[in-house]
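Counting from 0, one number per residue, gives the positions in the sequence shown under numbering that gives the first Met the number 0.
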Amino acid sequence: MEIINLAAYKFTSIPDPDSWRPAVKAYCQQLGVMGSILFSPEGINLFVAGERPAIDAFIHYLRTDEMFEGRFADLIIKESVSEKQPHKRIVVRLKSEIITMKHPMVVHPLDERAPSVEPAQLKKWLDQGHDDQGREIVLLDTRNDFEVKIGTFDDSIHFGIEKFSEFPQAFTDTANEIKEEFQNKTVVSFCTGGIRCEKAALYLKEKNVPNVFQLDGGILKYFEEVGGAHWTGECFVFDRRVALDPSLNPTEQEYEITAKPSRMEEYYRWKARKESEANS
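If you want it as structure tokens, here you go:
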């Protein structure tokens with residue numbers, strides 16, 4: 000059975016996101032779509048999976064249903080394929096942010112996007128060793144430390160954070176050194192699907208870091224469009240696939256993952272079940 004894995008997010012103002020939860024969950028259950036959908040007053044963030052007809056129906060629902068008032072008509076999606084359903088159930092949650100940063104943004108993604116670079120353009124810059132203005136490229140990994148250890152861009156830098164809400168403080172702790180490192184260079188922030196690096200790029204602009212870009216669509220879009228050029232390892236994903244290779248295939252590697260339990264709760268529950276099944 001071919002399963003389509005769907006990832007998408009969008010910053011858009013939602014006055015009463017909690018009112019959508021029952022209908023969205025019921026429709027996903029009807030379709031057999033499983034995964035996680037997060038609503039907040041600032042938008043939507045989702046990772047879901049299902050068979051092709053169900054996923055197509057779900058995308059059409061988000062883009063056209065009157066309840067959403069056109070907010071997701073231009074929703075950009077990323078797809079990958081797996082042989083098994085990587086999620087156990089459908090969860091529709093409400094939070095204050097679609098990705099938790101816990102920092103009051105001077106410029107919010109609802110109002111302005113940081114400049115972005117397409118995957119093919121980034122590959123061109125990395126191939127030639129500089130951007131189109133001749134500036135050296137600095138790749139900033141905005142993900143958690145355990146994700147970085149599974150795979151990242153060659154020669155990228157990161158802050159060793161355990162969760163994204165630590166990013167602002169990690170920058171503050173090393174601000175002088177970081178600003179010196181970034182001086183006269185082009186900084187490209189990146190993450191799995193684009194949402195963390197979008198907030199991170201705006202935060203860096205707020206802190207007067209010049210020449211900051213976000214990798215449009217994140218690592219998954221980069222893999223989809225240009226493959227694994229300038230990348231070493233695989234890309235961690237928060238479901239039972241654990242990680243994807245640059246061809247977007249689920250990993251065949253065994254990883255020893257260290258993270259705070261709150262970030263990995265579902266993964267460890269699944270791992271414990273698999274070990275129990277193997278021993279029974």
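Note that beta-carbon positions come from the ideal geometry of N, C-alpha and C, so glycine has one too.
The structure presented is a predicted model; accordingly, all values stated were derived computationally and were not measured.
Taking P118 as the centre and dropping the five residues before and after it, the same chain places the C-beta of K220, Y221, E224, V225 closer than 6 Å to its C-beta, in chain order. According to DSSP, H157 shares a beta bridge with D140.
DSSP places A48 inside the beta strand (DSSP E), whose first and last residues are 42–49.
Judged by DSSP in its simplified three-state form, P249 adopts strand. Distance between D130 and E176, taken at the CA atoms: about 22 Å. Here the alpha carbon of Q168 sits roughly 15 Å from the alpha carbon of L139. The three-state secondary structure of E96, taken from DSSP, is coil. Close CB contacts of S155 within its chain, under the 6 Å cut and outside five residues either way in sequence, are with L138, D140 (chain order). Under the DSSP assignment, W124 falls in the alpha helix (DSSP H) whose first and last residues are 118–127. Nearest Cα to L37 within the set K101, Q29, G49, I13: I13.
In the three-state scheme derived from DSSP, where H, G and I count as helix and E and B as strand, Y254 is classed as coil. Per DSSP, the unbroken alpha helix (DSSP H) holding F222 starts and ends at 217–225. Exclusion of the five residues before and after Y60 leaves Y26 as the residues of its chain whose Cβ lies within less than 8 Å of its Cβ. Distance from the CA atom of L45 to the CA atom of E205, rounded to whole angstroms, is 27 Å.
Here S12 carries a coil assignment [DSSP, helix/strand/coil]. Contact check for G193 and Q213: beta-carbon distance about 7 Å, within the 8 Å limit, so the pair qualifies.
In the DSSP annotation of this structure, K178 is not part of any beta strand (DSSP E); the continuous alpha helix (DSSP H) holding it starts and ends at 174–181. Straight-line measurement puts the Cα of D244 at about 25 Å from the Cα of A53. DSSP places K24 in the helix class (H, G or I) of the three-state scheme.
Listed as beta-bridge partners of N4 by DSSP are A48, S79.
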